[in-house]
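Sequential numbering of the sequence shown, starting at 82, is according to my numbering.
We treat Cβ as the ideally placed atom computed from N, Cα and C, and that holds for glycine.
Step one of this worksheet: look at the structure below.
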Amino acid sequence: MAELNGMQGNEIADDFKRKNISQGRWSEAWSVFKASFWKLIALNLIVLITFAPGIAIVYVRAAYITSIGGIYPFNATVGNYPPDILIGLAERVNLSADILFYALFFIAGLIASVGISGATYCIRKLIQTHGEFHFKSFFHGIKVGYLSTAVPVTAFILLIYSTFLIGDWMAIARATGENVAGAITAYVFIVIADVVCGIYLAWVFAIGVSYRVKLKYLLRNAFVLIFGTPLQTVFMCGFTLLPVWLMMGGGFWQIIGMIFFVFIGFSFMLLSWMSFAQWAFDLYIAPAVQTEKETARAKKSEKELAEEKAAEDRQRALELLAAGKSELISHPILPINREEKFVVLGKTYTRANISGAADERRKLSESISAYEREHENDSVYVEYNKMFADREKALVENPKDKKKKKISADNLLK
Numbered sequence: 082m083a084e085l086n087g088m089q090g091n092e093i094a095d096d097f098k099r100k101n102i103s104q105g106r107w108s109e110a111w112s113v114f115k116a117s118f119w120k121l122i123a124l125n126l127i128v129l130i131t132f133a134p135g136i137a138i139v140y141v142r143a144a145y146i147t148s149i150g151g152i153y154p155f156n157a158t159v160g161n162y163p164p165d166i167l168i169g170l171a172e173r174v175n176l177s178a179d180i181l182f183y184a185l186f187f188i189a190g191l192i193a194s195v196g197i198s199g200a201t202y203c204i205r206k207l208i209q210t211h212g213e214f215h216f217k218s219f220f221h222g223i224k225v226g227y228l229s230t231a232v233p234v235t236a237f238i239l240l241i242y243s244t245f246l247i248g249d250w251m252a253i254a255r256a257t258g259e260n261v262a263g264a265i266t267a268y269v270f271i272v273i274a275d276v277v278c279g280i281y282l283a284w285v286f287a288i289g290v291s292y293r294v295k296l297k298y299l300l301r302n303a304f305v306l307i308f309g310t311p312l313q314t315v316f317m318c319g320f321t322l323l324p325v326w327l328m329m330g331g332g333f334w335q336i337i338g339m340i341f342f343v344f345i346g347f348s349f350m351l352l353s354w355m356s357f358a359q360w361a362f363d364l365y366i367a368p369a370v371q372t373e374k375e376t377a378r379a380k381k382s383e384k385e386l387a388e389e390k391a392a393e394d395r396q397r398a399l400e401l402l403a404a405g406k407s408e409l410i411s412h413p414i415l416p417i418n419r420e421e422k423f424v425v426l427g428k429t430y431t432r433a434n435i436s437g438a439a440d441e442r443r444k445l446s447e448s449i450s451a452y453e454r455e456h457e458n459d460s461v462y463v464e465y466n467k468m469f470a471d472r473e474k475a476l477v478e479n480p481k482d483k484k485k486k487k488i489s490a491d492n493l494l495k
């Protein structure tokens, strides 16, 4: 797979730090769904509010066409209208209504992008922090991700708008008896463009809300990810749109789909797609996952970091000091007396043999302690230990005292 340019180290995660996951990406997404179910419902309701203008446009359009049906003579048996006027009249009314009302979708899309961008940032935070969430992140998500959301949403609405108009053109051509070959060809091509460009724009959206990247890299990387994960992308697009498939089922399934959309549909789609996108990012981008210690260090001031570094240097020097101090010559050790003999237990031994060996061990321990007490003040041991004691004292004293020689790992034993 080609390289993803401009994304390494540019992840948009301003108020959270990524944590390592102890399980697979899909298991993690399922865990987030279960553990944060009510949070996802709350986010879904917020997004639903921003989709209200678009939903209102659909219902107002339907009401408008219905009202027109009571005025226009769509039935040839009503009135004395010439038959030529009635041919294709209903289709032309639909076209004029679609031109007007579906054009308003562009404004509705800009409003819906507010909810999508905020919810996407929150869901990314849930995925990458194992469930941490605050509603203030929603507003930060709007700030950093609105433009990256509004652009692909507007582009997709343009495709859908063109599809509706070409569909109306095809319906008029069929109703008036004109040659429909051109209209059908155009409709097939626009539907294919909806699918292909829709998938591409979904990747543009996923990259744009996840990374700060230049436009040329954004567009290029979306192509790279499509061709790098073709089967996975197609499958996940189908899975992500599960609420849409339910609504298209009609009847009972349509009711289930509408209920699903109201409570969890938008959150489900965002969670599914962003989890998949994060899986792809993790495959080809080394994640900058920080430990809790590094996260805490990031919040400290330069002065605090400098003091912490100085303390670490002193601790390292102390460890080197301790490593340089030899236990063999820092205190007296009883010389080996080759003339002494000890009881050696053979393969068979009695309780008396064990008791005798224990007595010899106790006597040897007493001899070692007595020898140490007798020679602990010998000059060789006193001078050696005093040298290390002075160096250790210099290390633990206030490092701001510039009159004293600074002892570090470089000059510790000089």
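Tell me the rounded alpha-carbon separation between residue i and residue j.
| i | j | result |
| --- | --- | --- |
| residue 350 | residue 383 | 43 angstroms |
| residue 147 | residue 134 | 20 angstroms |
| residue 189 | residue 113 | 30 angstroms |
| residue 470 | residue 463 | 10 angstroms |
| residue 232 | residue 393 | 49 angstroms |
| residue 217 | residue 234 | 24 angstroms |
| residue 425 | residue 467 | 41 angstroms |
| residue 491 | residue 385 | At residue 491, the pLDDT of 44 sits below 50, so the modelled position is not reliable and the matter cannot be decided from this model. |
| residue 319 | residue 389 | 52 angstroms |
| residue 88 | residue 293 | 7 angstroms |
| residue 322 | residue 337 | 14 angstroms |
| residue 437 | residue 457 | 30 angstroms |
| residue 223 | residue 199 | 5 angstroms |
| residue 439 | residue 451 | 18 angstroms |
| residue 99 | residue 241 | 36 angstroms |
With DSSP collapsed to three states, give me the class of residue i.
| i | result |
| --- | --- |
| residue 494 | Bear in mind that the predicted position of residue 494 carries a pLDDT of just 42, short of 50, making it too unreliable to give a figure here. |
| residue 281 | helix |
| residue 109 | helix |
| residue 453 | helix |
| residue 268 | helix |
| residue 134 | helix |
| residue 179 | helix |
| residue 259 | coil |
| residue 429 | coil |
| residue 417 | coil |
| residue 466 | helix |
| residue 211 | coil |
| residue 98 | coil |
| residue 458 | coil |
| residue 216 | coil |
| residue 364 | helix |
| residue 382 | coil |
| residue 310 | coil |
| residue 371 | Confidence in residue 371 is poor, its pLDDT being 49 and thus under 50, which makes the residue's placement unreliable; the coordinate value appears in the next sentence. In the structure shown, residue 371 sits in coil (DSSP, three-state: anything other than H, G, I, E or B). |
| residue 87 | coil |
| residue 322 | coil |
| residue 356 | helix |
| residue 117 | coil |
| residue 331 | coil |
Keeping to the same chain, check which residues put their C-beta closer than 6 angstroms to that of residue i; ignore five residues upstream and five downstream.
| i | result |
| --- | --- |
| residue 348 | 121, 124, 125 |
| residue 97 | 206, 210 |
| residue 361 | 306, 310 |
| residue 287 | 358 |
| residue 335 | 328 |
When we look at the beta-carbon of residue i and count the other beta-carbons within 10 Å, is it buried (16 or more) or exposed?
| i | result |
| --- | --- |
| residue 443 | exposed |
| residue 354 | buried |
| residue 431 | exposed |
| residue 131 | buried |
| residue 95 | exposed |
| residue 141 | exposed |
| residue 260 | exposed |
| residue 273 | exposed |
| residue 330 | exposed |
I'd like the list of long-range same chain contacts for residue i, defined as Cβ closer than 8 angstroms, with 5 residues on each side in sequence excluded.
| i | result |
| --- | --- |
| residue 145 | 178, 182 |
| residue 247 | 264, 267, 268, 271 |
| residue 208 | 109, 110, 113, 352, 355, 356, 359 |
| residue 143 | none |
| residue 459 | 413 |
| residue 300 | 285 |
Give the DSSP bridge partners of residue i, in chain order.
| i | result |
| --- | --- |
| residue 441 | Its beta-bridge partners do not exist; DSSP assigns none. |
| residue 92 | 292 |
Enumerate in chain order the residues of its own chain whose CB-to-CB distance from residue i is below 7 angstroms, with the five nearest sequence positions on each side excluded.
| i | result |
| --- | --- |
| residue 339 | 328 |
| residue 85 | 302, 305, 365, 366 |
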